[in-house]
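Asks:
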Amino acid sequence: MAGRAGGGAPRRGRSLQRVTDRVPDEIEKVLISSEEIQGKVAEMAAAIDADYAGREVLLVGVLKGAVMIMADLARALTIPVSMEFMAVSSYGSSTSSSGVVRILKDLDREVADRHVLVVEDVIDSGLTLSWLLRNMKSRGPASVEVCALLRKPEAAKVDLPVRYVGFDIPSEFVVGYGLDYAERYRELPFVGLLKPEVYAT
Ligand code: PRP
7 MAGRAGGGAP RRGRSLQRVT DRVPDEIEKV LISSEEIQGK VAEMAAAIDA DYAGREVLLV
67 GVLKGAVMIM ADLARALTIP VSMEFMAVSS YGSSTSSSGV VRILKDLDRE VADRHVLVVE
127 DVIDSGLTLS WLLRNMKSRG PASVEVCALL RKPEAAKVDL PVRYVGFDIP SEFVVGYGLD
187 YAERYRELPF VGLLKPEVYA T
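The sequence shown begins at 7 in our numbering and counts up one residue at a time.
Structure follows, in structure tokens:
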């Protein structure tokens with residue numbers, strides 16, 4: 007018999023839409039829906055396409071949170087891109103950074119004379135990015151700009167030149183679309199508020 011092992015009617019795969027619509031119980035509220043995120047990514051990509059027309063951009067994603075925005079942004083751009091990742095660790099408590107940063111994984115290639123676009127999921131105090139921008143500029147790139155999906159203006163401790171910002175959000179505990187709490191919820195396709203009892207325990 008032709009067809010898949012087991013025969014009979016083809017087994018229906020789980021629809022991606024159905025899977026991604028799932029909102030876990032620990033989420034108090036969806037702050038930014040998947041559709042809103044995708045719309046904003048398309049908008050930012052169009053702006054980046056226009057600004058970098060005729061040039062190649064090197065996207066530098068900051069692990070792990072930036073994985074989702076990197077993947078979606080890179081696919082939404084029409085200009086040539088290459089991708090690099092950095093992993094950094096900020097000394098401080100688990101919920102706030104100190105600005106003293108250690109490189110856990112460095113870029114694999116030189117960025118000298120390249121047009122670097124640092125891609126972040128969220129700018130909170132801005133201390134991580136402030137350090138990263140200084141570090142990136144010391145490597146002699148042709149240019150350095152920042153694209154961040156989320157920014158928390160109330161939490162800012164430094165004023166940073168962020169060229170592309172998706173959404174300004176209140177200084178609350180958000181998860182999803184790359185953002186975690188204790189390494190969970192990164193896979194959610196939306197950004198949501200975590201119920202306080204989840205992190206208060
Ligand atoms: C988050 C985020 C930024 C940083 C922002 O990373 O991705 O890199 O915090 O905070 P700041 O503006 O206060 O410096 P995190 O250290 O949580 O690591 P992760 O991306 O692996 O979750």
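No residue lacks a Cβ here, since even glycine has one placed at the ideal position from N, Cα and C.
1. Within its chain, find whatever has a CB closer than 6 Å to the CB of Ala82; leave out the 5 residues flanking it on each side and keep chain order.
2. Are at least three pairs of beta-carbons, each pair with one atom in the region 122 to 132 and one in the region 58 to 76, less than 8 Å apart?
3. Can you list, in chain order, the residues of its chain with a C-beta nearer than 6 Å to that of Ser6? Leave out the 5 residues immediately preceding and following it.
4. Just to confirm, does Val128 get its C-beta within under 6 Å of one of the non-hydrogen atoms of ligand 1?
5. I want to know whether the region 160 to 177 touches the region 133 to 140 - three or more CB-CB distances under 8 Å.
6. Give the DSSP-derived three-state secondary structure of Ser131 in the structure shown.
7. What does a CB cutoff of less than 6 Å around Val197 pick up in its chain, not counting 5 residues either side in sequence?
8. Can you say whether Pro176 is buried or exposed, counting buried as having 16 or more other CB atoms within 10 angstroms of its CB?
9. With distance defined between alpha-carbon atoms, name the residue in Leu113, Ala77, Asp78, Leu200 nearest to Val94.
10. What is the DSSP secondary structure of Arg157, counted as helix, strand or coil?
Replies: The relevant details are as follows:
1. Within the sequence shown, the letter at position 76 stands for residue 82. Same-chain partners within the cutoff: Val47, Ala48, Ala51.
2. yes
3. In the structure as shown, the chain begins at 7 and stops at 207. Residue 6 is therefore absent and cannot be evaluated.
4. Counting from one through the sequence shown, the residue named residue 128 turns up at place 122. Yes - ligand 1 has a heavy atom lying nearer than 6 Å to the Cβ of Val128.
5. yes
6. By 1-based counting over the sequence shown, the position of residue 131 is 125. If DSSP states are grouped into helix, strand and coil, Ser131 belongs with coil.
7. The residue given as residue 197 occupies position 191 in the sequence shown. Here the set comprises Leu37, Ile38, Val180, Gly182, Tyr183.
8. Taking the first residue of the sequence shown as 1, we reach residue 176 at position 170. Its Cβ having fewer than 16 others within 10 Å, Pro176 is exposed.
9. The count along the sequence shown starts at 1 and reaches residue 94 at position 88. Of Leu113, Ala77, Asp78, Leu200, the residue nearest in Cα terms is Leu113.
10. Counted from its first residue, the sequence shown places residue 157 at position 151. Of the three classes helix, strand and coil, the one that applies to Arg157 here is strand, per DSSP.
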